[in-house]
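Its first residue numbered 1, the sequence shown is counted upward by one per residue in the UniProt record's numbering.
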Amino acid sequence: GTRVQEDPALIQKRIEIIFSFSNLCTDFISSLLANVMQQEAFWRPSTASCSQFRVSTTNFITLNVEKNNEIIRELRASKRLFEDPEFPADDTSLTYAHKKLNYKWLRPKELDADPEFVKDGFSRFDINQGELENCWILAAVAAITQRPDLLSQVILPDQTLSGAGYCGAFRFRFRPFGREVEIMVDDRLPTKDGQLVYAAAHEGEYWVCLLEKALAKLHGCYESLIGGLELEAMADLTGGVCELIPFKREDGAKVLENIKYCLSKKLSAGAATHTEILGENLESLGLTSGHEYIVTGTVQIPHNGKLVDLIRICNPWGPLSEFEWRGKWNDNDPRWTPEQMKLAGLVKQDDGENWMELSDFMKFFEFLTVLHLARNLDNGVTGAEWNGKYIYGEWYPGQKIDEFFEDNTFLTNFCDGSNQDGVATVVISLEEPGQRNIPLEKRRFSVKAVDIYKGANCLRRPVYQVAQHPEDNQRSVVFRVSLPPGDYTVVPQTESPLNGKRLEFLLRIYTES
């Protein structure tokens, strides 16, 4: 065919029309987004002054350390016992409404002839829940007793209830909202009829009671510890990211794989029972509905010519025989042979820990809680599988569209990691400050969401989106996503009205190392 030579001026005119149409589309999209941004029901974040990545916990000062050091120096010099003016031994430390309960506050030496802070090391069997409905906390504490490197960051060393070092003051460190704070309490504990009201002292050791008191002080009162999820407590104790993994009864192989992975990496794993199962009475089987347990082991044993997978669970209520598992493979099940008991390391005693068949675990439990740690953020703890970034920011009303795209998106690289499977797995947490300083019925958390875009272009459709359900009313949303390796932009947002107020957030991005 004959090639026709087109007029260069005509070609230039066509190019100008195409670019004009493209710019018109872009302006139209930006206009739509700007209109959305001005509505009260939807706000994007602004973090122009605080969007730097946090790369090390050493960049942040632990609050209260110097103040507590000075108090202890003065106490030891004057040979006085600490009486905490910030968390007094009276009704104001018990409930939000300062309800008069007539508890008597006693020190361990007034309860035991020879009390100790800890005997023969910290153990999950030291934990006995009291009258508070705070199994979510005690399950997390029980879990990290299996990780001395983590527990040593929570409980300061060389604390004692006797000798020259004793001054009635005890120190603990927590990481609410990712920021480390040291809490010091005195050792006066609430009692009724000569018995501890809350967490019990196991065989005369008081570290659990005092740790529980420090958490009550952190949040304002003992009542603030009622009700919660283990993932919240685990995050506050360790500074890590905790993922809630729901499962169905048919997911047994996958759940077992997750549990084995966590145990092999010494990562804490918890589990919660269903609140209700049609046609089943959990209490008659020694389980409690809607209760937090920890998973402490797995084993495969031969039985009747088959291999049976067992899961070991631990109840933070401690050695209460009426709440020990009574189903298949309980401590007293006649199925056990001496060989099987040796293989499972079974000790027949009322210690709150039991083996159960995987099929029963899948039937009576509904989700796992898994702790994730970042090796570059968590003071070199062992088992950390991630590289982490902390980003503090805040949402506020009236954010303009150009400011949003300039300051409020976070570009990061999702890498494949060491397993080289061609997929980048990422765990992301978006969190706002806790509200345990106010009663449960008054807590109102925003509805949080995260968009992930490929590359730096946020005008395209996100490659992944996740959002809380409006009725969740939880302080954080945590999710895992697997995408092709590369650069991605992560956009944290809230879909709740801010009512003219600013709201701080913490975005944590854990990528494969």
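We put the CB at the ideal spot given by N, CA and C, even for glycine.
Check whether the Cβ atoms of Glu353 and Thr273 sit closer than 8 Å, and answer yes or no.
Their beta carbons are not under 8 Å apart, which means Glu353 does not touch Thr273 by this criterion.
Report back the beta-carbon spacing between Phe414 and Leu483 to the nearest angstrom; my notes put them in contact at under 8 Å.
Yes, they are in contact, since the Cβ atoms of Phe414 and Leu483 sit about 6 Å apart, within 8 Å.
Report the three-state DSSP secondary structure of Glu230 (helix, strand or coil).
Helix at Glu230.
Under a three-way DSSP split, which group does Arg480 fall into?
Arg480: strand per DSSP, three-state reduction.
I'd like the ranges of any beta strand (DSSP E) spanning at least 3 consecutive residues and lying wholly in the region 247 to 306.
List check, beta strand (DSSP E) in window: 269 to 273, 292 to 303.
What number of angstroms, rounded off, separates the C-alpha of Gly455 from the C-alpha of Thr298?
Roughly 42 Å between the two C-alpha positions.
Rounded to whole angstroms, how far is the Cβ of Ser268 from the Cβ of Arg147, which I believe are closer than 8 Å?
The Cβ separation is near 7 Å, so the contact holds.
Excluding the five sequence neighbours on either side, which residues of its own chain have a C-beta within less than 6 Å of the C-beta of Arg326, listed in chain order?
The answer, listed in chain order, is Leu285, Gly286.
Ends of the beta strand (DSSP E) at Asn413?
Unbroken beta strand (DSSP E) run through Asn413: 410 to 414.
Give the DSSP bridge partners of Glu431, in chain order.
In the DSSP output, where bridge partners are listed per residue, Glu431 has Ser476, Leu506.
Expressed to the nearest angstrom, what Euclidean distance is found between the alpha-carbon atoms of Leu210 and Phe170?
Approximately 7 Å, taken between the alpha carbons.
Any idea what DSSP makes of Gln153, helix, strand or coil?
Note: Gln153 maps to helix in three-state DSSP.
Helix, strand or coil for His219, going by three-state DSSP, please let me know.
Residue state, collapsed to three classes: helix.
Excluding the 5 residues preceding and the 5 following Asn332 in the sequence, name in chain order all residues of the same chain whose CB lies nearer than 8 Å to its CB.
If we look at Asn332 and ignore the five residues flanking it on each side, its Cβ neighbours are Lys348.
For a test of the three-state rule: what should DSSP assign to Cys135, helix, strand or coil?
Note: Cys135 maps to helix in three-state DSSP.
Output the distance between the C-alpha atoms of Lys119 and Tyr198, rounded to the nearest integer angstrom.
For Lys119 and Tyr198, the distance between alpha carbons rounds to 20 Å.
Go to Ala344, then tell me how far its alpha helix (DSSP H) extends in each direction, as first and last residue.
Here the alpha helix (DSSP H) through Ala344 covers 338 to 344.
Rounded to the nearest angstrom, what separates Asp309 and Arg335 at their Cα positions?
Between Asp309 and Arg335, the C-alpha separation is close to 14 Å.
Nearest to Val490 by alpha carbon, out of Thr409, Gly417, Leu151?
Among Thr409, Gly417, Leu151, the Cα nearest to that of Val490 belongs to Thr409.
Measure the alpha-carbon distance for Arg107 versus Leu507 and round it to whole angstroms.
If I take the Cα positions, the gap works out to 41 Å.
Can you tell me the Cα-Cα spacing of Asp351 and Phe323, whole angstroms?
Looking at the two C-alpha atoms, the distance is approximately 10 Å.
Look at the alpha carbon of Lys442 and the alpha carbon of Lys501, and state the distance between them as a whole number of angstroms.
Each residue's alpha carbon lies about 17 Å from the other.
Which two residues bound the contiguous alpha helix (DSSP H) that contains Asn68?
Element bounds for Asn68: 65 to 78.
I'd like to confirm the pairing. Which residues does DSSP put opposite Tyr198 in its beta bridges?
The partner list for Tyr198 (beta bridge, DSSP) is empty, contrary to what the question assumes.
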